[in-house]
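Here is the structure we will look at, set down as structure tokens.
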Amino acid sequence: NAGVTQTPKFRVLKTGQSMTLLCAQDMNHEYMYWYRQDPGMGLRLIHYSVGEGTTAKGEVPDGYNVSRLKKQNFLLGLESAAPSQTSVYFCASSPTGFIQPQHFGDGTRLSIL
Amino acid sequence: SQQGEEDPQALSIQEGENATMNCSYKTSINNLQWYRQNSGRGLVHLILIRSNEREKHSGRLRVTLDTSKKSSSLLITASRAADTASYFCATEYGSNYKLTFGKGTLLTVNP
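As given, the protein sequences belong to chains A and B, one line each in that order. Everything in the first sequence is counted per this note's numbering, starting at 1070 for the first residue and increasing by one. Everything in the second sequence is counted per this note's numbering, starting at 2 for the first residue and increasing by one.
Here you go:
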């Protein structure tokens, strides 16, 4: 039982390049989330999903897109990376959204030059 | 935006001492959660306390919630070097099924 797995763990991009971060969970959770964590800023919600085929915007969605084609996977895409998107990205999941703890992956460290 | 704010930002103590961290928030909540993050790792859920609860315990952890003051505290008793980590409070409010995280308290427990 791996929980929440994020790939890749590290990545360096050049400005303007695109990439996709993958999050996979094996707990049959309905809800999945993408956060970014910057120094001194805590975690900020980018996008989230309340079930397969659904997505919704969080606090800082600009510059990102997401897809939830399968219940166990939640993809975060950067179409044209910018230096401001240098951050640590965390994926999380929960059984449902209401009064439930979230389970986190170990993050993807993304640097954009 | 609605956000929990932890206090202090950093705390350094000796092994065996108790550590207390506080969290304040702005509007009524459904529940408040505490998470721990070790360096270079993801967040790990510690305790969830509902808005109608006042205190919860889990091992060496004790969480209190005062909805009249819109504040919560996390107490770690008999701390160990392995408790060194950042601790975050997160609040859930309304019906949007989202958590809003504070900026965290960095706890250092010296051997």
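In this text, a Cβ means the ideal position worked out from N, Cα and C, and glycines have one as well. Just so we're clear, the structure is a prediction, and the values are computed from it rather than from any experiment.
Rounding to the nearest angstrom, what Cα-Cα distance links residue i and residue j in this structure?
i, j, result
"B:R63", "B:L76", "5 Å"
"B:G103", "A:K1083", "31 Å"
"A:E1148", "A:G1085", "8 Å"
"B:L66", "A:F1159", "27 Å"
"A:N1142", "A:M1096", "11 Å"
"B:Y94", "B:S25", "14 Å"
"B:N19", "B:D84", "11 Å"
"A:E1099", "A:C1092", "13 Å"
"B:S13", "B:Y88", "13 Å"
"B:K70", "B:T21", "17 Å"
"A:V1135", "B:E16", "44 Å"
"B:P9", "B:T28", "21 Å"
Return the Cβ separation of residue i and residue j in integer angstroms, given the expectation that the two are a contact with Cβ distance under 8 Å.
i, j, result
"A:L1145", "A:L1090", "4 Å"
"B:A11", "B:L107", "5 Å"
For chain A, is any of its Cβ atoms less than 8 Å away from the one on residue i?
i, result
"B:N32", "yes"
"B:E54", "no"
Buried or exposed for residue i, please, with buried defined as at least 16 other CB atoms from any protein chain shown within 10 angstroms of its CB.
i, result
"B:S161", "Only positions 2 to 112 of chain B appear in the structure, and residue 161 of chain B is not among them; the question remains open."
"A:F1167", "exposed"
"A:P1170", "buried"
"B:N32", "buried"
"A:R1137", "buried"
"A:V1073", "buried"
"B:E7", "buried"
"A:V1081", "exposed"
"A:R1105", "buried"
"A:G1109", "exposed"
"B:H58", "exposed"
"B:G5", "buried"
"A:A1071", "exposed"
"B:A91", "buried"
"A:T1177", "buried"
Within this structure, are the beta carbons of residue i and residue j separated by less than 8 Å?
i, j, result
"B:L47", "B:Y36", "yes"
"A:M1101", "A:S1118", "yes"
"B:V110", "B:A82", "yes"
"A:D1175", "B:G43", "yes"
Examine chain B for any beta-carbon lying closer than 8 Å to the beta-carbon of residue i, and answer yes or no.
i, result
"A:G1122", "no"
"A:I1181", "no"
"A:L1091", "no"
"A:P1164", "no"
"A:L1145", "no"
"A:Y1133", "no"
"A:G1158", "Contrary to the premise, residue 1158 of chain A reads as Tyr rather than Gly in this sequence. Chain B, which has no Cβ nearer than 8 Å to the Cβ of A:Y1158, makes this no."
Following a CB-centred definition, is residue i positioned closer than 7 Å to any heavy atom of the ligand MN?
i, result
"B:Y36", "This structure lacks the ligand MN; in fact it carries no ligand of any kind."
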